[in-house]
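As they're listed, the protein sequences go chains L and D. Counting with this note's numbering, you get residues 21 to 147 for the letters of the first sequence. Counting with this note's numbering, you get residues 21 to 147 for the letters of the second sequence.
Number of protein chains: 2
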Amino acid sequence: MNKQVKPTESELEILGILWERGASTVREVHEILEQSKEAGYTTTLKLMQIMHEKGLLKRDASAKTHIYEASVSQERTQQQLLNKMIDTVFNGSATQLVMQALGHHRSSPEELDRIRQYLNEMEKKQS
Amino acid sequence: MNKQVKPTESELEILGILWERGASTVREVHEILEQSKEAGYTTTLKLMQIMHEKGLLKRDASAKTHIYEASVSQERTQQQLLNKMIDTVFNGSATQLVMQALGHHRSSPEELDRIRQYLNEMEKKQS
DNA sequence: CCTGTTCTACGAATATCTTCGTAAACAAAT
DNA sequence: ATTTGTTTACGAAGATATTCGTAGAACAGG
Numbered sequence: 021m022n023k024q025v026k027p028t029e030s031e032l033e034i035l036g037i038l039w040e041r042g043a044s045t046v047r048e049v050h051e052i053l054e055q056s057k058e059a060g061y062t063t064t065l066k067l068m069q070i071m072h073e074k075g076l077l078k079r080d081a082s083a084k085t086h087i088y089e090a091s092v093s094q095e096r097t098q099q100q101l102l103n104k105m106i107d108t109v110f111n112g113s114a115t116q117l118v119m120q121a122l123g124h125h126r127s128s129p130e131e132l133d134r135i136r137q138y139l140n141e142m143e144k145k146q147s
Numbered sequence: 021m022n023k024q025v026k027p028t029e030s031e032l033e034i035l036g037i038l039w040e041r042g043a044s045t046v047r048e049v050h051e052i053l054e055q056s057k058e059a060g061y062t063t064t065l066k067l068m069q070i071m072h073e074k075g076l077l078k079r080d081a082s083a084k085t086h087i088y089e090a091s092v093s094q095e096r097t098q099q100q101l102l103n104k105m106i107d108t109v110f111n112g113s114a115t116q117l118v119m120q121a122l123g124h125h126r127s128s129p130e131e132l133d134r135i136r137q138y139l140n141e142m143e144k145k146q147s
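Here's what the structure looks like:
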């Protein structure tokens, strides 16, 4: 089991963009980042270089303008962070986290139904 | 709207202990911290002093041995961290987070029922 | 070929977090 | 009164994260 590096706050923002867009150049990532955050171009570049060293990103450096891509999956990272959070902030109770999350975010009836279905499937599997 | 300070990793551990125990001395907190972590006493002390400056803790300094207490609620802090997480890692979808959390943590049928009830209540309220 | 633009690499400054040594205040025990 | 132990305060070292300036390579257009 390759234990995964824990991304920092800024690194998570970049990962988020790459998960959504797929492989991208530094410029592209930077442009999106800029919309929500003050940052110089070389700052974004440096961050992505470091992430590459850490193994969080892969890159294709064959052309002059390198292309970066997330090398950790969104799901695995989500799980990693959820586990930590449940552990330190929610007294180890996933249920508590779930209810807290539902309570403060307007979910549409359709979404609620999806969750119900999900619950049912889980119950079947257990037995 | 008092925007809340974001606790660091170590600060969260201390908050967790204070939420559980209620008002405590540095020594008491440190003793518990030690069980899961290598740390010197003055490290814990310093951390708690900083947290006090930041407004994360209140303290009663009337006696020689000060008594500390969390001054941010567990629920509010949970919400703050959840929001950030949903935003940066779950594409803004609380539903996605909920399903991910349920999928990887064995929940008992009783817990699943509680969640179902919760879902129903929410749906009523929306109207 | 020259010029201006875009890109990477590098290194260093800055900021933030974490850890701990030391000293002074205080209290309890001898 | 002196010693011993516990506590706070302070400051600084060490570790990690973030930001950016500068230089040089690569490229595009004239």
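Glycine is no exception: its CB is placed at the ideal position from the N, C-alpha and C atoms.
(message) As a quick exercise: from L:Leu-76, L:Gln-98, L:Ser-93, L:Arg-134, pick the residue whose alpha carbon is nearest that of Gln-120 of chain D.
(response) L:Gln-98
(request) Figure out for me which residue from L:Leu-65, L:Gln-94, L:Ser-93 has the closest Cα to the Cα of Ile-87 of chain L. (result) Comparing Cα-Cα distances from Ile-87 of chain L to each of L:Leu-65, L:Gln-94, L:Ser-93, the minimum goes to L:Leu-65.
(message) Tell me the residue span of the alpha helix (DSSP H) that contains Glu-73 of chain D.
(response) 61 to 74
(request) Starting from the beta carbon of His-124 of chain D, find every residue of chain L whose beta carbon is closer than 9 Å, and list them in chain order. (result) Gln-99, Leu-102, Asn-103, Ala-114
(message) Looking only at its chain, what residues have a beta carbon closer than 6 Å to the beta carbon of Met-71 of chain L, apart from the 5 residues adjacent to it on each side?
(response) Glu-31, Leu-77
(request) Can you say whether Thr-85 of chain L is buried or exposed, counting buried as having 16 or more other CB atoms within 10 angstroms of its CB? (result) exposed
(request) Grab me the residues of Leu-53 of chain L's own chain with a C-beta within less than 8 Å of its C-beta, minus the 5 sequence neighbours each way, in chain order. (result) Glu-33, Ile-34, Ile-37, Ala-59, Thr-64
(message) For a test of the three-state rule: what should DSSP assign to Glu-29 of chain L, helix, strand or coil?
(response) It is helical.
(request) Given a cut-off of 8 Å, decide if Leu-132 of chain L and Ser-143 of chain D are closer than it, judged by their beta-carbon atoms. (result) It should be pointed out that residue 143 of chain D corresponds to Glu in this sequence rather than to Ser. Yes; because the gap between Cβ atoms is below 8 Å, this pair is in contact.
(message) Please classify Ser-93 of chain D as buried or exposed, where buried requires at least 16 other C-beta atoms within 10 Å of its C-beta.
(response) exposed
(request) Go through the stretch 79 to 143 of chain D residue by residue and report every complete run of the beta strand (DSSP E) that reaches 3 residues or more, in order. (result) Correct list: 87 to 90.
(message) Tell me which residue opens and which closes the alpha helix (DSSP H) that Ser-56 of chain D is part of.
(response) 46 to 56
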